[in-house]
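Read through the structure below, which is laid out as structure tokens, and then see the notes.
Numbering (the working numbering), first residue to last: -2 to 332.
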């Protein structure tokens, strides 16, 4: 795929496919790379996103057991229109059959139209969610680049704020998570705050007029992603940071928001070991940023070189906001 900025029609068509999630992963990567270098293409991409925005209001649930019903229908004996009409009119008086036949034709046509419309709507809804998943992964990739740049400037360290040492990661008094570590990336101009909002998350955009006035995201801001917990004491934190860069490239360091948070409210209990982020509930999975900068889609929270549950500190199931990783190699993405 070759993008030519002077070919607006081709660019627009490709961007429509991109936002609807109709492209391959390789094509998505090409487009994302091009968007990073072309301001004109980014403007065109914003126009496409606005054009597709009306699809937001259409939410269609897939009927329960639809796949089973389709399989049964496929396996059922074939019925022709003539035999079906004959069965329908067997017990209908002769003088009524003409009208009944017309109604049967009408109902059959209406049913066919309804099925087609339902299929198109379901397909559009799924494509829209796939597109948002890709955009969400793109945001996470941008955050990964910011973390990498920060690490290059600060002796391979992850973003860390002194205020986060020996502190809780959830403030029960103000009922808000503490994200001073992540906010460093905004405060020091490594990334814009808008990238902390997943397109599938209803929080949408985070706008901060003057980041220098804050040490954390303003109260009420809903961040769509969770970062490696660095709220332990200094000695433990230093060991954690040192070991973090010695791990395999697939070590998770950030992902879609933890199920321990519902928006900004603490959800203190993990109901199961297989619970997923709510950001992409219908797609049943989450985007995960790993140590080498890649963003991967995972349908399980158990992931990484040590098969670690990314939402848990060790095997803890109940949380108050004070928990920290049980050892320096424990992956615990919170908040």
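Note that beta-carbon positions come from the ideal geometry of N, C-alpha and C, so glycine has one too.
Exercise for review: Determine the extent of the beta strand (DSSP E) in which residue 183 is found, giving its start and end residues.
Suggested key: Segment 177 to 184 is the alpha helix (DSSP H) holding residue 183; no beta strand (DSSP E) there.
Exercise for review: Counting only the same chain and skipping the five closest in sequence on each side, list residues whose C-beta sits under 6 Å from that of residue 329.
Suggested key: If you ignore the 5 residues before and after residue 329, its C-beta comes within less than 6 Å of the C-beta of 226, 310, 322, all in its own chain and listed in chain order.
Practice item. Could you tell me the distance, in whole angstroms, from the CA atom of residue 11 to the CA atom of residue 277? Key: Whole-angstrom Cα-Cα distance: 24 Å.
Exercise for review: Ignore the nearest five residues each way along the sequence and tell me which others in residue 116's own chain have a CB closer than 6 Å to its CB.
Suggested key: For residue 116, the pLDDT reaches just 49, beneath the cut-off of 50, and the residue's location in the model is therefore unreliable, although a value from the coordinates is still provided. In the same chain as residue 116, and ignoring 5 residues on each side of it, no C-beta atom comes closer than 6 Å to its own.
Point to revise | For residue 18 and residue 127, the rounded distance between their alpha carbons | key: Residue 127 and residue 18: Cα-Cα distance of roughly 5 Å.
Review point. With a CB to CB cut of under 6 Å and the five nearest residues on each side skipped, what residues in its chain are close to residue 132?
Key: For residue 132, where only same-chain residues beyond five positions count, the Cβ hits under 6 Å are 196.
Review point. On the three-state DSSP scale, how would you describe residue 224?
Key: DSSP, reduced to helix, strand and coil, places residue 224 within a strand of the structure shown.
Exercise for review: Can you give me the start and stop residues for the alpha helix (DSSP H) that residue 28 sits inside?
Suggested key: Its alpha helix (DSSP H) spans residues 22 to 34.
Check your understanding: Expressed to the nearest angstrom, what Euclidean distance is found between the alpha-carbon atoms of residue 256 and residue 141?
Key -> The straight-line gap separating the alpha-carbon atoms of residue 256 and residue 141 is approximately 21 Å.
Practice item. State yes or no: is the C-beta of residue 207 within less than 8 Å of the C-beta of residue 177? Key: With respect to the 8 Å criterion, residue 207 and residue 177 are not classified as neighbours on the basis of their beta carbons.
Review point. Tell me the DSSP bridge mates of residue 283?
Key: Bridge partners of residue 283: 295.
Check your understanding: Hey, would you say residue 137 sits closer than 8 Å to residue 222, going by beta carbons?
Key -> Result yes, Cβ atoms of residue 137 and residue 222 sit closer than 8 Å.
Review point. Going by Cα to Cα distance, which pick from 254, 265, 291 is closest to residue 275?
Key: The option with the nearest alpha carbon to residue 275 is 254.
Review point. Just checking my contact of residue 32 with residue 8 at CB under 8 Å: how many whole Å lie between their CB atoms?
Key: No, residue 32 and residue 8 are not in contact; Cβ-Cβ is about 11 Å, not under 8 Å.
**Study point:** Cutoff 7 Å; reference residue 387; Cβ partners in own chain excluding five residues on either side
**Key:** This structure does not reach residue 387, given that the chain is present from -2 up to 332, and the question cannot be answered.
Exercise for review: Kindly indicate which residue of 315, 325, 210 has the alpha-carbon position closest to the one of residue 267.
Suggested key: Of the listed residues, the one whose Cα sits closest to residue 267 is 315.
Check your understanding: What residue does the beta strand (DSSP E) around residue 251 start on, and which one ends it?
Key -> Start and end: 249 to 253.
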